[in-house]
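Shown next, in structure tokens, is the structure this report addresses.
Chains as they are written, first to last, in our numbering: chain A, 26 to 336; chain B, 37 to 371.
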């Protein structure tokens with residue numbers, strides 16, 4: 026109980042928010058808008074899972090938004106060439122993994138700080154995409170949106186994909202040795218090395234994995250609309266990092282789990298619709314998101330201090 | 037990183053010297069390729085457009101020296117810009133009073149970051165990520181996302197659009213700030229303490245320095261400088277909107293890191309930052325004048341950043357390979 030205090034408190038906050046909505050704004054719980062909200066956040070959840078792994082490994086990747094845009098446009102172009110959807114998804118995952126491998130090679134191979142490396146790749150990929158595509162939207166052929174299914178079924182498919190990835194990764198982080206390696210490297214790379222783990226390889230693979238997840242999320246995003254926005258994913262990195270941090274993953278690595286990230290993401294995702302339904306002006310949404318991030322870290326700080334004083 | 041140790045002995049191999057040579061080469065290249073690039077007017081233009089990001093980068097340098105980071109400067113610039121407009125138009129203050137109030141707000145916002153980072157000891161990356169959202173969100177909430185402040189008096193727009201003694205009128209502010217920060221970082225005990233904190237906060241505390249107060253100081257300074265940058269920004273564009281300064285924090289950080297300041301703290305210089313700002317500004321202007329696609333400037337900035345980093349780490353890599361004790365280094369470099 027005490028061990029998961031942070032995750033539980035986020036879940037409790039989310040529950041209070043939902044309860045307030047249930048009392049003051051029951052229309053929030055209409056199935057169709059709720060399903061749309063879940064679908065819209067599904068790609069973000071997939072990216073957030075990957076980001077959580079990277080942050081647990083004591084790294085950070087702020088280039089996910091640009092990778093997302095690159096993968097979206099590539100996936101859109103493949104789909105426009107009438108490739109089968111499975112192949113499009115595989116290609117997008119592969120491209121994402123390549124971008125991730127580039128970041129990973131610079132961070133793990135050369136030992137450069139991940140925040141600066143990914144800052145650089147963020148700018149480079151984004152501007153490169155603008156240069157190549159000149160901001161042109163990609164038109165998708167029929168049958169790509171919602172995987173050719175009726176809208177409702179398509180939305181459920183996306184939600185199930187995202188949840189399946191979440192559940193698999195959450196269990197893998199707990200029960201697979203690969204997951205434990207990530208915690209070990211994030212807690213103390215040197216100790217992990219002495220225990221026979223290869224910190225550089227682990228770090229590299231975590232970046233590749235995040236890239237692959239971003240590629241998959243891009244496909245999921247593509248399946249939601251008849252066109253691909255070349256500027257998609259702008260600001261995604263901050264949204265995702267915020268969800269991960271609010272969800273109780275320590276930015277100093279080695280701590281946190283994916284259930285917390287899920288709760289954190291839901292909390293942040295519910296704010297802007299909640300703001301609308303509670304008749305607060307919509308412009309306050311962003312400020313409230315910032316306030317929640319700060320509250321989460323302040324709560325962490327106060328708690329950490331208490332433990333420190335007692336111990 | 038390793039540069040500093042060798043660099044103090046070998047002037048030619050210092051990061052700043054290499055960057056300066058690169059800057060001169062860049063200038064000569066674009067002068068040869070571009071149309072009207074090397075003219076006096078264009079130089080003034082480059083200076084004018086790099087003032088705001090330059091100011092932010094100057095304030096960012098001491099922060100990164102202490103091993104911190106401030107992602108909120110761009111958002112704070114937006115918040116200060118619209119508050120400045122609010123003070124002037126809606127509260128009816130004269131421009132100088134509004135400016136002073138805005139700077140006060142900047143200091144307050146910086147103090148907010150500072151109190152969370154220095155006294156609650158929260159990670160700066162996350163705190164300023166939160167205030168990044170918060171400040172921008174407040175700016176949007178105050179203006180309802182649409183309100184724009186325009187029609188500033190000409191006497192105020194002079195600050196942003198005219199020339200004074202032949203140079204852009206905001207340039208003296210930047211130059212003054214550069215000198216101030218150079219003296220602060222390189223010629224006072226404060227500057228020494230920033231580096232010491234960057235190397236080892238605990239060690240600095242044991243040496244008897246007030247670490248929390250010094251760390252708080254750099255974030256408050258960044259808040260004040262963001263407010264000044266906001267006023268200059270408003271004067272240059274003649275309008276204040278909630279989206280002012282979006283993405284400026286990344287440009288500022290890029291300039292600082294390009295200028296040779298280690299992102300881990302402890303190593304860096306103000307003149308390096310000024311050169312970094314100049315390199316980026318010249319690149320942007322040069323690309324435009326050479327009629328190359330504007331996106332190339334952003335791409336090249338990213339590539340330059342990686343090259344600068346790799347360059348700073350290469351000597352260490354080589355010596356590490358020779359000694360073949362490479363594995364333990366990862367722990368130090370990553371954290």
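The beta-carbon is built from N, C-alpha and C at its ideal position, and this holds for glycine as well.
Please read all numbers here as calculations on a predicted model, not as lab measurements.
Please classify residue i: is it buried, with 16 or more other beta-carbons within 10 angstroms of its beta-carbon, or exposed?
i: residue 318(A); result: buried
i: residue 370(B); result: For residue 370(B), the predicted structure reports a pLDDT of 43, less than 50, and the residue's modelled location is therefore unreliable. A value from the coordinates is still provided. Result: buried.
i: residue 128(A); result: buried
i: residue 318(B); result: buried
i: residue 325(A); result: buried
i: residue 150(A); result: buried
i: residue 155(B); result: exposed
i: residue 347(A); result: Residue coverage of chain A in this structure runs from 26 to 336, which leaves residue 347(A) outside it and unanswerable.
i: residue 222(B); result: exposed
i: residue 76(B); result: exposed
i: residue 249(B); result: exposed
i: residue 41(A); result: exposed
i: residue 54(A); result: exposed
i: residue 336(A); result: Only weak support is given to the placement of residue 336(A): the predicted model assigns it a pLDDT of 28, under 50, and the value that follows is read from those uncertain coordinates. Classification for residue 336(A): exposed.
i: residue 43(B); result: Because the pLDDT of residue 43(B) is 43, which lies under 50, any placement of that residue in the model is unreliable, and the number read from its coordinates should be weighed accordingly. Under this definition residue 43(B) is a buried residue.
i: residue 368(B); result: Residue placement at residue 368(B) is flagged as unreliable, the pLDDT there being 48, under the threshold of 50; a coordinate-derived value is accordingly withheld.
i: residue 163(B); result: buried
i: residue 185(A); result: exposed
State yes or no: is the beta carbon of residue i nearer than 7 Å to at least one beta carbon in chain E?
i: residue 120(A); result: Going by chain labels, chain E is absent from the structure shown, which instead holds the protein chains A and B.
Can residue i and residue j be called in contact, C-beta distance under 7 Å?
i: residue 104(A); j: residue 113(A); result: yes
i: residue 160(A); j: residue 253(A); result: no
i: residue 424(B); j: residue 266(B); result: Residue 424(B) lies beyond the stretch modelled for chain B, which goes from 37 to 371, so this question has no answer here.
i: residue 243(A); j: residue 93(A); result: yes
i: residue 316(B); j: residue 282(B); result: no
i: residue 158(B); j: residue 322(A); result: yes
i: residue 312(B); j: residue 143(B); result: no
i: residue 391(A); j: residue 82(A); result: Nothing about residue 391(A) can be reported from this structure: the residues present for chain A run from 26 to 336 only.
i: residue 53(B); j: residue 233(B); result: no
i: residue 299(B); j: residue 138(A); result: yes
i: residue 183(A); j: residue 245(A); result: yes
i: residue 276(B); j: residue 113(B); result: no
i: residue 322(B); j: residue 66(B); result: yes
i: residue 197(A); j: residue 209(A); result: no
i: residue 133(A); j: residue 173(B); result: no
i: residue 69(A); j: residue 180(A); result: no
i: residue 231(A); j: residue 79(A); result: yes
i: residue 39(A); j: residue 320(A); result: no
i: residue 238(A); j: residue 89(A); result: no
*Decide yes or no for the touch test of the stretch 138-156 of chain B against the stretch 199-216 of chain B: beta carbon pairs closer than 8 Å, at least 3 of them.*
no
*Three-pair Cβ contact test at 8 Å for the stretch 298-314 of chain B versus the stretch 107-116 of chain B*: no
*Residues of the stretch 29-46 of chain A with a CB closer than 9 Å to any CB of chain B: list them in chain order, please.*
Residues of the stretch 29-46 of chain A with a Cβ closer than 9 Å to any Cβ of chain B: none.
*chain B contacts from the stretch 294-320 of chain A (Cβ-Cβ distance under 9 Å)*: Shown in chain order are the members of the stretch 294-320 of chain A whose Cβ falls below 9 Å from a Cβ of chain B: 306, 307, 308, 309, 310, 311, 312, 313, 314, 315, 316, 317, 318, 319, 320.
*Would the stretch 279-291 of chain B and the stretch 83-100 of chain B be scored as touching if the rule is three or more Cβ pairs under 8 Å?*
yes
_Touch test, the stretch 302-314 of chain A against the stretch 169-182 of chain B, Cβ-Cβ under 8 Å, three pairs minimum_ = In short, these stretches touch, since the Cβ pair count reaches three.
_chain A contacts from the stretch 321-341 of chain B (Cβ-Cβ distance under 9 Å)_ = 329, 330, 331, 332, 333, 334, 335, 336, 337, 338, 339, 340, 341
_Stretch pair the stretch 195-214 of chain A + the stretch 44-51 of chain A: three plus CB contacts closer than 8 Å_ = no
*With a floor of 3 residues, list each beta strand (DSSP E) that falls wholly inside the stretch 259-320 of chain A, ordered by position along the chain.*
none
*Scan the stretch 133-166 of chain B and note each continuous beta strand (DSSP E) run of 3 residues or more that stays entirely inside, going in chain order.*
none
*Would you call the stretch 143-156 of chain A and the stretch 337-350 of chain B in contact, with 3 or more CB pairs under 8 Å?*
With the cut-off at 8 Å, the stretch 143-156 of chain A and the stretch 337-350 of chain B touch.
*Between the stretch 328-337 of chain B and the stretch 149-160 of chain A, do three or more beta carbon pairs fall short of 8 Å?*
yes
*Mind listing which residues of the stretch 145-161 of chain A have their C-beta closer than 9 Å to chain B's C-betas, in chain order?*
Of all residues in the stretch 145-161 of chain A, 145, 146, 147, 148, 149, 150, 151, 152, 153, 154, 155, 156, 157, 159 have a Cβ within less than 9 Å of some Cβ in chain B.
*Going along the stretch 132-166 of chain B in order, which residues come within less than 8 Å of chain A, judged by CB to CB distance?*
152, 156, 157, 158, 159, 161, 162, 163, 165, 166
*Could you tell me whether the stretch 284-294 of chain A touches the stretch 268-275 of chain A, where touching means 3 or more Cβ pairs closer than 8 Å?*
Put simply, the stretch 284-294 of chain A touches the stretch 268-275 of chain A. At least three CB pairs are less than 8 Å apart.
*Any chance you could list the alpha helix (DSSP H) runs of at least 4 consecutive residues sitting entirely within the stretch 120-187 of chain A, in chain order?*
139-158
_Contact residues within the stretch 213-230 of chain B, judged by C-beta distance below 9 Å to chain A_ = Listed by position along the chain: nothing, the set is empty.
*Contact between the stretch 235-255 of chain B and the stretch 129-143 of chain B (3+ Cβ pairs under 8 Å)*: no
*Taking a cut of 7 Å between CB atoms, which residues from the stretch 173-202 of chain B lie near chain A?*
Those would be 173, 174, 176, 177, 180, 181, in chain order.
*Along the stretch 255-267 of chain A, what residues have a CB closer than 8 Å to any CB found in chain B?*
263, 266, 267
*Hey, which unbroken runs of the beta strand (DSSP E) at 3 residues or more fall wholly within the stretch 229-263 of chain A?*
As summarised for the stretch 229-263 of chain A, there are no continuous beta strand (DSSP E) elements at least 3 residues long confined to that stretch.
*Tell me the start and end of each unbroken alpha helix (DSSP H) in the stretch 245-325 of chain B that is at least 4 residues and wholly inside, in chain order.*
247-273, 284-294, 306-325
_For the stretch 292-302 of chain A against the stretch 168-179 of chain B, do three or more pairs of beta-carbon atoms, one drawn from each stretch, fall closer than 8 Å, so that the two count as touching?_
Because the criterion of three Cβ pairs below 8 Å is not met, the stretch 292-302 of chain A and the stretch 168-179 of chain B do not touch.
*Closer than 9 Å, Cβ to Cβ, to anything on chain B: give me those residues from the stretch 267-291 of chain A, in chain order.*
267, 270, 275, 276, 277, 278
_Near-chain A residues of the stretch 282-311 of chain B - C-beta to any C-beta below 8 Å_ = Against chain A - using a Cβ distance shorter than 8 Å - the residues of the stretch 282-311 of chain B are 286, 289, 290, 293, 299, 300.
*What beta strand (DSSP E) runs, 3 residues minimum, are completely inside the stretch 79-106 of chain A?*
Runs of the beta strand (DSSP E) inside the stretch 79-106 of chain A: none found.
*Of all the residues that make up the stretch 119-144 of chain A, which are near chain B by a beta-carbon distance shorter than 8 Å?*
131, 132, 133, 135, 136, 137, 138, 139, 140, 141, 142, 144
_Uninterrupted beta strand (DSSP E) stretches inside the stretch 184-224 of chain A (no shorter than 3 residues)_ = Within the stretch 184-224 of chain A, no complete beta strand (DSSP E) run reaches 3 residues.
_Short-range partners of chain A found in the stretch 232-248 of chain B, where Cβ spacing is below 8 Å_ = none
*Would you list, in chain order, the members of the stretch 218-234 of chain A that have their beta-carbon closer than 8 Å to a beta-carbon of chain B?*
Listed in sequence order: 218, 224, 225, 228.
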